[in-house]
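J.:
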Amino acid sequence: MAAETGLYDGCNDALRDAFLAAGGQALWHETYKGTDIGQDFMDRFGCFCLIGEGGAFHSDRMRAWMVYMPPHLHYRWHHHPAEEMYLTVAGDALFMRAGCEPEVLYAGDTSTHASNQPHAMETGAHPIMAYVIWRNGFDMPPKLTDSLSALPETVPVIPAEVSPDPSALRGGQ
Ligand SMILES: [Fe+2]
4 MAAETGLYDG CNDALRDAFL AAGGQALWHE TYKGTDIGQD FMDRFGCFCL IGEGGAFHSD
64 RMRAWMVYMP PHLHYRWHHH PAEEMYLTVA GDALFMRAGC EPEVLYAGDT STHASNQPHA
124 METGAHPIMA YVIWRNGFDM PPKLTDSLSA LPETVPVIPA EVSPDPSALR GGQ
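Just add 3 to the spot in the sequence shown (first one is 1) and you have this note's numbering.
#1: Three-state secondary structure (DSSP) at R64?
#2: Could you check what DSSP says for M72 in three-state terms: helix, strand or coil?
#3: Can at least three beta-carbon pairs, one atom from the stretch 51 to 62 and one from the stretch 102 to 113, be found at a separation below 8 Å?
#4: Can you give the beta carbon distance from C14 to A110, rounded, assuming they're within the 8 Å contact cut?
#5: Beta carbon of P145: closer than 7 Å to some heavy atom of ligand 1?
#6: How should M143 be labelled, buried or exposed, when 16 other C-beta atoms within 10 angstroms of its C-beta is the threshold for buried?
#7: Rounded to whole angstroms, what's the CA-CA distance from L147 to E125? Just pull it up for me.
#8: Where do the N-terminal and C-terminal ends of the alpha helix (DSSP H) with L18 fall, by residue?
#9: Do Y134 and V107 have their C-beta atoms closer together than 8 Å?
#10: Rounding to the nearest angstrom, what Cα-Cα distance links G140 and A21 in this structure?
#11: Between E87 and ligand 1, is the CB less than 7 Å from at least one heavy atom?
#12: I believe W68 touches A123 by the beta-carbon criterion, under 8 Å. Please report the beta-carbon distance rounded to the nearest angstrom.
#13: Using three-state DSSP, classify D12 as helix, strand or coil.
Written out as structure tokens, the structure is:
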């Protein structure tokens with residue numbers, strides 16, 4: 004990631020640069036080690052913890068990570084009990100959520116995922132860097148979703164116009 008020059012955009016440059024600078028000291032997380040996700044994904048998907056195990060900060064109420072994906076990488080469908088929000092810091096990617104239309108997110112855009120709502124993402128010509136937060140159920144790691152049809156048909160979806168609870172964004176409590 005340190006050599007990445009394609010993380011364009013404007014509204015979060017200071018945060019992007021701070022994450023790039025922290026990458027050298029960060030404890031990078033092999034989220035999908037031991038699964039069948041494939042070596043290419045393991046080699047190219049980047050994630051380190053900011054709040055939680057291996058991160059610089061602790062909270063009993065939330066977890067937070069920096070996630071990086073280089074161009075042309077597919078992140079398979081997966082799900083987890085924790086509620087999640089992605090904030091795109093730089094670059095862009097196609098975000099997919101069960102029960103929702105796929106959408107391309109750019110810097111400043113967010114994607115929220117309800118508990119166990121399957122989601123996936125894919126980069127095209129550009130990489131993406133995202134700030135990712137979890138609340139509730141964050142002791143269970145993500146699982147790859149083998150079959151969308153095997154999951155409950157009605158997945159609770161956070162309406163697009165509803166912002167995440169701001170109190171969940173405060174760490175250290
Ligand atoms: Fe997720």
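From the three backbone atoms N, C-alpha and C, an ideal C-beta is built for every residue, glycine too. It should be emphasised that the depicted structure is a prediction, and the values quoted were computed from it without experimental measurement.
T.: In brief:
#1: DSSP, read as helix, strand or coil, puts R64 in coil.
#2: strand
#3: Contact fails: fewer than three Cβ-Cβ distances are below 8 Å.
#4: The Cβ separation is near 5 Å, so the contact holds.
#5: At least one heavy atom of ligand 1 is nearer than 7 Å to the Cβ of P145, so yes.
#6: exposed
#7: 15 Å
#8: Element bounds for L18: 16 to 25.
#9: no
#10: Each residue's Cα considered, the two are about 28 Å apart.
#11: Under cutoff, so the answer is yes.
#12: So it is not a contact: roughly 17 Å between Cβ atoms.
#13: coil
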